[in-house]
Every structure is written in structure tokens, then in C-alpha cells.
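Numbering (the UniProt record's numbering), first residue to last: 1 to 229.
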């Protein structure tokens, strides 16, 4: 052995009872598939429950739903001062959207167009879809203001403003769910899925620019008198 040669250093001894750390097992493709399938099933169940809630609610007794709506807000006052002629607004009342249209003189004239009247299911508002003081060619207490419950009388969708093809000047609404068309007085055209005109709620005017939803001028009309919502 040369003078520069050092003996090999002894290898450190492992303490008794120590073990090498375990390396986590890599999940197999089958395990991953099972985990993903289980997660998808759980999420699918949650989604199905979420969708089932509104569906089951739609099957409830309509009278019970009406009582809930009535208890929300009995009346509501609406300021019409800023609603210009030819424009419309939507306000919530008793959990329903209420359409308010400020009709122009041309719109009022168009609502009595014979060509339009011949295409309407109930042009004279014979069905009780409005208070007695709104049973007129305009279906309103004051001709210049149309006030309508914005719920399609077919399956309850909310129509969008769109003039009727028969007389665009009359204004109107179109239900995108199943194609029902209503004129500027909320009257439904013939051969449409909707069987009734849009309901007119009980209203009275507190002054020239303030409308109160939920009260009729002494005729006792309530939303329970409506044929269908």
C-alpha cells in the first residue's frame, strides 16, 4: 500500500428498524376511469336535481302558486312620466313581469284595422282576461297605455316586443318558445299555440303619471278571475 493510498471509508450503517420510503403507486388507467365515472355520476345527479326543482314546481297546484304570488306584493305604484310614446317598459309585480306600452295615436288606430281584427282569436275580448273597465278595443283603462301580464297563455314563457306581421304599426309581442303572436293590445292571433289573450291586471291611475297595479276602480276584479296564466 502506498503512502498516499487511504483505506476505504466504512459505509454508514442504517439504523435498525428503518425502512426505505414508499413510492406512491401510480393509479392504473382502470382506476382513473372508475374515479371519473363516479365523479360524472355525482355531478349528473346534482344537475338532475337542479333541473327537477323548477319542473316539479311547475306541477304544483296553480291555486297554491297564485296564493304565493298574491302574497308577494299586493300593489305597486309605477311612475309613467318618463315613458315616451312608442316606448315600453317591464316592471315586476306579484312575481310576474308586467308590460307597459305607451301607445301612439297611430298604434291606437292600427288596433282597429279590420285586416288585423279578422286575424285575432278574440278581437272583442269576450274571454275574461281583463277587468270590466279594460274591456274595450284597447284593453286598457286609458287607451294610450297598454298594461299586460307578460306571460304567454300557452306554457308561461315571456314574449318579446315584436310587431305583428298583419299590421306592424299596431305593435305587439312574439313568444319565442312556440311562436305565439300578440298585437299591441295583447290579443293573440288565430292558429297560435296560445289559447287566450295576454291578461290585463287590475289597475287604477292615482294621477296623470302614476299607475297603481293591483287595484281596480271599484269593480272587484282580481287576478283569480283570469282564465289562464
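Don't be surprised by glycine CBs; every beta carbon is placed ideally from N, CA and C.
Would you call residue 197 buried or exposed, if buried means 16 or more other Cβ atoms sit within 10 Å of its Cβ?
buried
Taking the alpha-carbon of residue 163 as reference, which of 156, 175 and 154 has the nearest alpha-carbon?
Shortest Cα-Cα distance from residue 163 to any of 156, 175 and 154 involves 175.
Which of the three DSSP states, helix, strand or coil, is assigned to residue 89?
strand
Using alpha carbons as the reference points, say which of 222, 214 and 208 lies closest to residue 82.
Of the candidates 222, 214 and 208, the one whose C-alpha sits nearest the C-alpha of residue 82 is 208.
Residue 183 - DSSP class collapsed to helix/strand/coil
coil
Over what stretch of residues does the beta strand (DSSP E) that includes residue 122 continue unbroken?
It is not in any beta strand (DSSP E) - residue 122 carries neither H nor E in the DSSP assignment.
Using DSSP with H/G/I as helix, E/B as strand and the rest coil, what is residue 154?
coil
DSSP on residue 81, reduced to helix/strand/coil?
The answer is coil: DSSP assigns residue 81 none of H, G, I, E or B.
Thinking just about the alpha-carbon of each residue, which of 168, 214 and 220 is nearest to the one in residue 148?
The shortest Cα separation from residue 148 among 168, 214 and 220 belongs to 214.
Could you work out which residue in 201, 226, 204 and 222 is closest to residue 195 when comparing CA atoms only?
226
Between the C-alpha atoms of residue 89 and residue 130, what's the straight-line distance to the nearest angstrom?
20 Å
Let me make sure I understand the geometry here. Which of 210, 205, 80 and 127 has the alpha-carbon closest to that of residue 153?
Comparing Cα-Cα distances from residue 153 to each of 210, 205, 80 and 127, the minimum goes to 127.
When the Cα atoms are used, what is the spatial distance from residue 172 to residue 161?
6 Å
Going by CA-CA distance only, name the one from 91, 222 and 193 that's closest to residue 155.
193
Could you say which of 114, 115, 104 and 216 lies nearest to residue 146 if we only look at CA atoms?
104
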